[in-house]
Every structure is written in structure tokens, then in C-alpha cells.
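Q: Mind looking over this structure? Questions follow.
2 protein chains.
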Amino acid sequence: MITDLNIYKNLSQTNENKIVLLVMDGLGGIPLHVNGLTELETAHTPNLDRLAREGSVGRSIPIRPGITPGSGPAHLSLFSYDPIKFDIGRGVLEAFGIGFDLGAKDLAARGNFATVDAGGLVSDRRAGRIPTEECIRLCDKLQANTSLAEQGYEVIAKPVKEHRFVLVIRGDGLGGDLTDTDPLVTGKAPLAVEDESGTAEGAHSAALVNKWVEQARAVLADEPKANSLNLRGLARDPGLPQFTDIYQMRSAAIAVYPMYKGVAKLVGMDVIDFSGDRPFHQIEVLAHVWKEYDFFFIHIKKTDSYGEDGNFDAKVHEIEAVDQVIHHLLALEPAVVIVTGDHSTPAKMQSHSYHPVPTLFWGEDVMPDSVAVFGERASEGGAMGVFHATEIVPWATGYAGKLARFGA
Amino acid sequence: MITDLNIYKNLSQTNENKIVLLVMDGLGGIPLHVNGLTELETAHTPNLDRLAREGSVGRSIPIRPGITPGSGPAHLSLFSYDPIKFDIGRGVLEAFGIGFDLGAKDLAARGNFATVDAGGLVSDRRAGRIPTEECIRLCDKLQANTSLAEQGYEVIAKPVKEHRFVLVIRGDGLGGDLTDTDPLVTGKAPLAVEDESGTAEGAHSAALVNKWVEQARAVLADEPKANSLNLRGLARDPGLPQFTDIYQMRSAAIAVYPMYKGVAKLVGMDVIDFSGDRPFHQIEVLAHVWKEYDFFFIHIKKTDSYGEDGNFDAKVHEIEAVDQVIHHLLALEPAVVIVTGDHSTPAKMQSHSYHPVPTLFWGEDVMPDSVAVFGERASEGGAMGVFHATEIVPWATGYAGKLARFGA
Chain A
455 MITDLNIYKN LSQTNENKIV LLVMDGLGGI PLHVNGLTEL ETAHTPNLDR
505 LAREGSVGRS IPIRPGITPG SGPAHLSLFS YDPIKFDIGR GVLEAFGIGF
555 DLGAKDLAAR GNFATVDAGG LVSDRRAGRI PTEECIRLCD KLQANTSLAE
605 QGYEVIAKPV KEHRFVLVIR GDGLGGDLTD TDPLVTGKAP LAVEDESGTA
655 EGAHSAALVN KWVEQARAVL ADEPKANSLN LRGLARDPGL PQFTDIYQMR
705 SAAIAVYPMY KGVAKLVGMD VIDFSGDRPF HQIEVLAHVW KEYDFFFIHI
755 KKTDSYGEDG NFDAKVHEIE AVDQVIHHLL ALEPAVVIVT GDHSTPAKMQ
805 SHSYHPVPTL FWGEDVMPDS VAVFGERASE GGAMGVFHAT EIVPWATGYA
855 GKLARFGA
Chain B
455 MITDLNIYKN LSQTNENKIV LLVMDGLGGI PLHVNGLTEL ETAHTPNLDR
505 LAREGSVGRS IPIRPGITPG SGPAHLSLFS YDPIKFDIGR GVLEAFGIGF
555 DLGAKDLAAR GNFATVDAGG LVSDRRAGRI PTEECIRLCD KLQANTSLAE
605 QGYEVIAKPV KEHRFVLVIR GDGLGGDLTD TDPLVTGKAP LAVEDESGTA
655 EGAHSAALVN KWVEQARAVL ADEPKANSLN LRGLARDPGL PQFTDIYQMR
705 SAAIAVYPMY KGVAKLVGMD VIDFSGDRPF HQIEVLAHVW KEYDFFFIHI
755 KKTDSYGEDG NFDAKVHEIE AVDQVIHHLL ALEPAVVIVT GDHSTPAKMQ
805 SHSYHPVPTL FWGEDVMPDS VAVFGERASE GGAMGVFHAT EIVPWATGYA
855 GKLARFGA
């Protein structure tokens, strides 16, 4: 069932038990052929299997049945925030995704460089996926030649990758419910931003963004590869209820990629700085900050990347690399360990997918169910069944004794 | 999923089929050691196993994932009332818990005898858990020496156990959303009752309760063991929709302990008086009233008590004692039998727990699933999966043919 955070906020209590949420991005898979195995089933994972044997397993649904998650919503779900209820604007996720420190006065948009024909109709919504270096140059050009200073606002344009960039407008009184400029098909003119909230700040913000877009398109007009741009997902940081407040746990994120640091920051976790990008580096960092926190989110990226590349074997090996650090993790004596993914990324599909994600819970008071292996089909028999990913943290805090009894 | 009572109210229809809900309090367990068995798995239960073999099994979640239930909310859930939605005040549960016949004009509170130091700060919130005889004496003293008659109200103080008592104030115009006097920590002064509803009756009730508390503390001031008291969970009977109306079943509760009789009464069941406290006594009573009712709630307490004592073997034996009366139960020819617990009470944890509860459904039209044993791990493979406890009565009424078809 979908988690109601208020219930947990009312029951949470502190103790010394520590919880580790180990996320292998895109963990779940499907076999390449009907009679084949998944990546996780193929991987040699004696340590994860031990956790499965001693604990409970099941499969988690990140968003809703059949829905393929983006990374942002999938992680919100892992942190127990229903991504349908807590709708984070794409601009905000994109800004967090590049590690931009979005403030309360910032309105953020996902920008796409594009091309328009002589009549002003969109001819390529992604400007032929220009190289990232070109994106950087264009962002610098926009930064130097556009301004809303006269209106009292700061403008920041930051490159992301290929045709993608982030626009941030900073100042007082921004907000509303703003539409995209992207017509979503070629052969149509870009749209003006409109406000659907009916508020004064919405109307003001729409006018401001349109003014900037006009300037920016003029600046780009003579560019050979990307003579226009569009904005999507204009939004502010929604000010989510903070994970640390709801569960009364000092919480740390040990992630390599900006996107995951960003979502962790969005819910109030401390993001730990460190160098190195392998699972064993991450466990070293975990050991280093162990005493300072109660909850640890460890994010392993490459399982997903290899899945998206369609590289079945490399994904298998990355899962095995994680398996090899499990004993270092257990040596720290966590009370509860959860191993899961934010979603599935089957190498066969070369993309994120909607398949439920194998998930294990391990700890002193976790029911040792009848499953002795960590894998998609093994988890069918597990005690946890099929459940919504927003249940993961609630179960973990229960197992860790961090929830007071409900009622007399 | 959480049960919506209105749906069932609209579909319920009467027939001659009888349903038995057999609740072993705290039934669920976990193994003492990773490779061990639970209490239910250890128990020799050929009759329960037969029901499991012929019926469907699964595991029910009493409140929400990870949340440990109190007995009151857990039973509401068994009766298909979501305890998050139907929040019964602690005072009401405590009053029902001692068999007090709470009326519509009654405001009830859970009382705790306490001690305060010379400065009026709480030094022991439970007055050293005074013996129950002392509690009885102090309640009599309060009954004789406090009064709200001048204000037009009756006051009733009833002992519960050790430092616990129930206060009931009876009269017109009581209500509101009243705070506790217990500061919850020692070294602080007791709090005045405040109303958070903002209603006139709330403000009036808060003033009235504060007046009584002042009198009561003066009466206790020279007591050596308990020179003060606190009140918690001030509330009225919330007037729940009645089970008998929703499901159109004449319903009887066959329980030994006041608490469970109380919750049954709260939803409108008839509470059957009888003597004897063993499972076979309860089945005798069942046979006696069999023709008069359609739905029977049988509550077995000692499975929970032994779990709380950490007495694994005694809990096993109590489960076996229940198993031995199953054939007497079946001889009455019930249409549907449900065997479950209100929550888990693993002897290992010596307390209620959040673990899903093994639950079986037996009846002519119940799907015989592939599970042939009643137990925690056996039920992992059962047809019912993991489900919310509020689904139990809906499934049972469906199996008993007591729900009309939905739509043409």
C-alpha cells in the first residue's frame, strides 16, 4: 500500500540502531530468452544470498503497476514519498541532477536546445543532440548575453548533457503552475509559457520567463546547429517534508552521481563528499561516517548504466562487485540492511522498466522466510510479497524498533 | 487494500450461513534463531493444518507496514475498520477494557497514579507501579472525595491494574479534542488539559476536567505512594458504524478478557456471558448460542500473554489447545471459518510486533490453495498473499455468499 508519511511521523522514535539502504540502480532484470536467467540470477552472490536466507525478500513496485520510473520519482519512492503525490517539477530534478544548489527563491526549468525553420516552426526538438561541448558553449553565450537584472532577477544557465541544460531564475515572488514552451512535435511553433494557477505570482513568472526566452532565442538566432530552445517543467523546490523529521533519523547519502545526491538533498539527507566511484570506496566512506548517522543511503549507479547499454555481462559483474563488499558492510553491525534497486533496467530492454524490483530485508527481528537466494524468481516465494516501494523505509524502521506501538 | 465499509454496506445480504472468526491473540511469531521455527510452526496442529489444506492461507497486516499494533486498533482492523481512520481514544479503550458500559454522555480518560516532588514536578509517572489493591483503595478515595455535582456532572473512578485507572465524567455537552496532563517525562510539572478542537464543548470539557484534576490531586496530596495523578486519551465513544448494520449479520463475541469484549461492543456485537476461560469452554458457548447469530468472534488470549512472557513453549501448547477444539467447531457446520491473530507476539521479542499474521480461510467455496500446513512460512505460498487485515471480514462474507453481485 502507498505510505502515508503522517502516520510514521507520529510514531517515530529514536534508538541506536542503524539502517542501511543499499540501492543498486536498475537492479531488476528479465532473461534475454525465455529459458534464460536475469542479471541478478546469473550473478554469483553468496553474500547477498546469505542476507536473503537470513531475512525476508519480496518485490517492490516503484510507482504504480506497469509504469516505468524516471530516477527522480523512483528514488522518492525508495525514501517513502509517493511520487504521484509528491510531484517534483522536471526543472527541479534536472537542477538537482547536475548538483545545482537550488534555493527557495529559484525557479528552475529543464532546457532543450532546438532548431527552428525559417518560419519559426520547430524542425528538431533536440538540435540533433549537439555534443556536450557545444551545449557548454551555448550556455556560456546565454549567460553572457541574456539578463533579467532590470526586472530584479538573476539568470543562471547551466549545461547538462548534449542538448539539455538547466535554466534557473532567482528572485522574489516566483511561482505558479507554468506550462512548457515545447510543442512536443516538429512542424509547430514553440508555445508561450502560461500560468495555470491563476495567481499573481504565476502570471508574473510566466511573463518573466517569456521575456527571457525571447532574449535567448535572439541570442541563438544565428547559431548553425541550435538556433532556438525550449523550456519544460518550470518549477520551484516543493519543500518536501524532511526525511530526517519524519523518521527522526540522522541520514546520510553516499552517492557518486549528482542526480542521486540531489534527490537525497531534496528530502533533507546530508550528502557525504568523497572520492572514488567503486562500491568498496562507498563502503569505506560508510565506515568513516558510521557513528554520525542513523540511516545510510548508498547508491550504486553502474548496474543501471550497463543495463541501459544492453551490457548483460557487465551488469552481472557490477552486482558481483557489490556482493563482495557486503561482509564489510555487515562488519559495521547495522541493525537492518535493505538491498534493492530504484527500478528495473533489463539489459534486454536497454532501458528502465516497470518490472517489480527484487528487495531484501535483513536484521535481527526480520522473519527468516523460506527463500535462500536473492533473485527475481526466488523472491516470488518471499515473505514480503509484492509491495509498493514506499513501504521499504516503514518496514525497515519497524524492524529497527524505531516506531512506537500504535494504540493501547 | 484498506477496506471501505460503505461498499460492503451497500452489497451485504442475509442468508443462513454462519461465519466464525477465531482469533488467537498475538498468533504470529519469528524463530528464536535463524534456522529455527516459529511457535505456530513448532506446534502440532493437525486440525488447523487440515483447514489450511482445504482452504486458502495468507498473511495479514494489522495496521500499516512496520507498525506494531495495540490490541484495540488491531481488533478494529480484524472487524474491518481501518484503525487509522477510526481512531478510538485511549480512555474509551481503557473503559471498554475493564468492561465499563460507556454511554453517549460519557467522557473517559485513562488515568495513571503518579508521584510528584515537593516542587510539584513529576518524580514517577507510574507511582512505582503500586499494587492493584492500592489502586482500588485510591479510586474509592477519589470516588468518595471528589465531585462535579455542582457543575451538573457525575464522576466515576474505576481501578484497572497497578497504577492505572479509568476516569469517566458523565453529563451533557462534553467533547472536544483534549490534550493529556502527563508530561511524559519526569522532572516536569503535569500539564493542564487543553482543547484543540476550538469548540465551545471542548473548552467547557477542558475546564471541567482541570477542575476535577485539581480536586483529585488535593485528595491524594498526603498519600505516601501516589500523591498525584495524570490523565491521558480523554475521549468519548466515537459512535462507530455498527458491524451488524454493515454486514447484516447478528454478531456475537465469545471473549474472556474485558478489552476484547469492549472492542466487540464498540462495533455493536453482542457480548456473550459465560464462565470458564479455556478454548473448549469457548466452543461450548459457541454451540450454545449457535442458532441465534450469524457471525461469531472467538478470542483466545493466552497465545499473546505467553508471547509477551517470552514463553515460547507455553505459546506452542496454547496453539495446540486451540487445535484440539477445531473438530468441535466444525461439527457445528459453519459455512466459513477464519483462523488468525490480531497481530504477532513473537516470544523472541516478548512484545507485540508488526510481523504479518498467518491467516486461514476455510469453507465450501474457499479456493483450496497449494498450502497444506498452517504456519508463517507455509503461508508465503498461499492464495491470499499479503493483505490488510481489514480485508478478512469482506473475504469471509464473500465466501459465505453474503454479498450481492456488484453491477449488472
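Protein chains in written order, with the numbering used here: chain A, 455 to 862; chain B, 455 to 862.
The C-beta atom is built at its ideal place from N, Cα and C for all residues, glycine as well.
Starting from Gly545(B), trace the alpha helix (DSSP H) both ways and give me its first and last residue.
A: Arg544 to Gly551
Q: If I measure Cβ to Cβ from Gly627(B) and keep anything under 7 Å in the same chain, skipping five residues before and after, which residues do I get?
A: Glu655 and His658
Q: Can you list the beta strand (DSSP E) stretches of 3 or more residues lying completely in the stretch 727-779 of chain A, in chain order?
A: 749-754
Q: Less than 8 Å between the CB atoms is what I'm expecting for Leu688(B) and Gly545(B), so what's the real figure, rounded?
A: Leu688(B) to Gly545(B), Cβ: 5 Å. Contact.
Q: Under the assumption that Thr844(B) contacts Asp555(B) (Cβ atoms under 8 Å), give the Cβ distance between them as a whole number of angstroms.
A: At roughly 27 Å, the Cβ-Cβ gap does not stay under 8 Å, so Thr844(B) and Asp555(B) are not in contact.
Q: Taking only beta carbons into account, state which residues of the stretch 828-861 of chain B come closer than 8 Å to chain A, listed in chain order.
A: From the stretch 828-861 of chain B, only Glu830, Arg831, Glu834, Gly835, Gly839, Val840 and His842 have a Cβ closer than 8 Å to chain A.
Q: At the 8 Å Cβ level, is Pro523(B) part of the contact set with chain A, yes or no?
A: yes
Q: List the DSSP bridge partners of Tyr607(B).
A: Here Tyr607(B) is bridged, per DSSP, to Leu602(B).
Q: Give a yes or no on whether 8 Å exceeds the smallest Cβ distance from Arg580(B) to chain A.
A: no
Q: Does DSSP put Gly630(A) in a helix, a strand or coil?
A: coil
Q: Quick one: Cα of Gly764(A) to Cα of Lys715(A), how far?
A: Roughly 25 Å separates the two Cα atoms.
Q: Hey, could you find the ends of the beta strand (DSSP E) Asp560(A) is sitting in?
A: Asp560 to Val570
Q: Using a beta-carbon distance below 8 Å, is Ser824(A) in contact with chain B?
A: yes
Q: Should Met478(B) be labelled buried (16 or more other beta-carbon atoms within 10 Å of its own) or exposed?
A: Its Cβ being crowded by 16 or more others within 10 Å, Met478(B) is buried.
Q: Would you say His806(B) lies against chain A (beta-carbon separation less than 8 Å)?
A: yes
Q: Start and end of the alpha helix (DSSP H) containing His842(B)?
A: First-last for His842(B): Gly839 to His842, but that is the beta strand (DSSP E), not the alpha helix (DSSP H).
Q: Kindly say whether Gly716(B), judged by its beta-carbon, lies nearer than 8 Å to any beta-carbon of chain A.
A: Residue-level contact check: Gly716(B) does not touch chain A, since none of the beta carbons of chain A fall below 8 Å from its beta carbon.
Q: Of all the beta strand (DSSP E) runs that stay within the bounds of the stretch 496-549 of chain A, which reach a length of 3 or more residues?
A: 510-515
Q: Contact criterion: CB-CB distance below 8 Å. Does Ile773(B) meet it with respect to chain A?
A: no
Q: Does Pro527(B) have its Cβ less than 8 Å from a Cβ in chain A?
A: yes
Q: Using only the alpha-carbon positions, how far apart do Pro733(B) and Leu740(B) sit?
A: 10 Å
Q: Could you list which residues in chain B have their beta carbon closer than 7 Å to that of Ile515(A), in chain order?
A: Per Cβ cutoff of 7 Å: no residues; Ile515(A) is ~13 Å from chain B at best.
Q: Enumerated in chain order, which unbroken segments of the beta strand (DSSP E) with a length of 3 residues or greater are wholly contained in the stretch 456-499 of chain A?
A: The beta strand (DSSP E) runs lying completely inside the stretch 456-499 of chain A and spanning 3 residues or more are 473-478, given in chain order.
Q: Compare the C-beta of Leu465(A) with all C-beta atoms of chain B and state if any pair is closer than 8 Å.
A: yes
Q: Which chain B residues sit within Cβ distance under 8 Å of Glu668(A)?
A: Near Glu668(A) there are no residues of chain B at all, since even the closest Cβ is about 50 Å away, more than 8 Å.
Q: Please go through the same chain and pick out, in chain order, the residues whose beta-carbon is closer than 6 Å to the beta-carbon of Arg504(B), but skip the five residues on each side of it.
A: Once the five neighbours on either side are set aside, Arg504(B) has no close Cβ partner at all.
Q: Tell me whether the stretch 458-478 of chain B and the stretch 831-848 of chain A touch, counting them as touching only if at least three CB pairs, one residue from each stretch, are closer than 8 Å.
A: Flag = no, the stretch 458-478 of chain B and the stretch 831-848 of chain A do not touch.
Q: Which residues of chain A have a Cβ atom closer than 7 Å to the Cβ of Pro812(B), listed in chain order?
A: Per Cβ cutoff of 7 Å: no residues; Pro812(B) is ~11 Å from chain A at best.
Q: So what does DSSP say about Ala643(A), is it helix, strand or coil?
A: coil
Q: Please report the residue range of the beta strand (DSSP E) in which Arg618(B) lies.
A: For Arg618(B), the enclosing beta strand (DSSP E) begins and ends at Arg618 to Arg624.
Q: Quick test of the definition: if touching needs 3 or more C-beta pairs under 8 Å, does the stretch 590-608 of chain B touch the stretch 711-725 of chain B?
A: Three or more beta-carbon pairs separated by less than 8 Å are not found between the stretch 590-608 of chain B and the stretch 711-725 of chain B, which leaves the two stretches without contact.
Q: Rounded to whole angstroms, how far is the Cβ of Glu834(B) from the Cβ of Ser824(A), which I believe are closer than 8 Å?
A: 6 Å
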